[in-house]
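Chemist:
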DNA sequence: ATATTATATTCACGATTTTCTATTTGTCAA
DNA sequence: TTGACAAATAGAAAATCGTGAATATAATAT
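Residue numbers (the numbering used here), protein chains in the order written: chain A, 3 to 104; chain B, 3 to 104.
As structure tokens, this is what we get:
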């Protein structure tokens, strides 16, 4: 589970934007077509496409093409991976320095 | 554990930047003085101050003033809160639509 | 083949973020 | 009180990000 700092930052960009958070909330109801997401968000189609790319790059969301349509859903594995990475980044395994200069 | 989308985005901004990720990794060794963090990062003092503000705003890091010095450490409670928020955002509790239009 | 529909890409622009220099504030020691 | 040091703030430059209009690509239907 070793990720570069750059990749880690990329992963959490998924949850750094209000619209992407809204998209995740919509996807919690299960897999949804892009066109349905579009109806529920006040953004244009290219903007949605842009956000879906960031979400898919983070691997927290996965896309599936079916004919003309793109279906998106939350990947429980991707979400678990993100949590693992977050834990690995915030677990404290030391006691620090007792003072600034000794 | 209900957070506005804006607040949620703010919280995860903490882990959306390479320098802040480096800072968290340093703090995993325990509480550290700002001046020590500064030695390990190739940024200026005001830039560090800026990043520490964002980290503290997310409540994943807490600061403590002692005389002239600021000591920072990871807040296990803050980190747990972030994980809870992330889970609440990515748990799937529906099965989606079977198709785009019915 | 042509038209239509769904999504992705390109480009440009404005807003936000990161970063720095300069300055200010706060704390301690002579 | 003055000087030295740590950290925060102000202001500005540069980079990144979010957005939409225009266009391209892909799939389906006629």
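Where a beta carbon is used, it is the ideal one built from N, C-alpha and C, also for glycine. Nothing here was measured: the structure is a model prediction, and the numbers come from that model.
When you compare the CB of residue 58(B) with every CB in chain A, is at least one pair closer than 7 Å?
Modeler: Chain A, which has no Cβ nearer than 7 Å to the Cβ of residue 58(B), makes this no.
Chemist: Taking the C-alpha atoms as reference points, what is the distance between residue 89(A) and residue 81(B)?
Modeler: Cα-Cα distance, rounded: 8 Å.
Chemist: Tell me whether the region 24–38 of chain A and the region 21–28 of chain B touch, counting them as touching only if at least three CB pairs, one residue from each stretch, are closer than 8 Å.
Modeler: No, they do not touch.
Chemist: Residue 61(A): which of 44(B), 51(B) and 92(B) sits nearest, CA to CA?
Modeler: Of the listed residues, the one whose Cα sits closest to residue 61(A) is 92(B).
Chemist: With three or more beta-carbon pairs closer than 8 Å as the criterion, would you say the region 30–45 of chain B touches the region 45–64 of chain A?
Modeler: Verdict: no, contact absent.
Chemist: Which same chain residues, not among the five before or five after residue 77(B), have their C-beta less than 8 Å away from its C-beta?
Modeler: Cβ within range, chain order: 61, 62, 63 and 64.
Chemist: Using a Cβ-Cβ cut-off of 7 Å, state whether residue 47(A) counts as contacting chain B.
Modeler: It does not; no Cβ of chain B falls within 7 Å.
Chemist: List the endpoints of the continuous alpha helix (DSSP H) containing residue 151(A).
Modeler: No answer is possible for residue 151(A): the residues shown for chain A start at 3 and end at 104.
Chemist: Confirm, please, whether the CB-CB distance from residue 31(A) to residue 32(B) is below 7 Å.
Modeler: No, Cβ-Cβ distance for residue 32(B) and residue 31(A) is not below 7 Å.
Chemist: Is residue 75(A) helix, strand or coil when you go by DSSP?
Modeler: Strand, per DSSP.
Chemist: Roughly how many whole angstroms lie between the Cα atoms of residue 17(B) and residue 51(A)?
Modeler: Answer to the nearest angstrom: the Cα atoms are 23 Å apart.
Chemist: Using alpha carbons as the reference points, say which of 74(A), 10(A) and 14(A) lies closest to residue 11(B).
Modeler: Cα-wise, what sits closest to residue 11(B) is 14(A).
Chemist: Report the three-state DSSP secondary structure of residue 65(B) (helix, strand or coil).
Modeler: Residue 65(B): strand per DSSP, three-state reduction.
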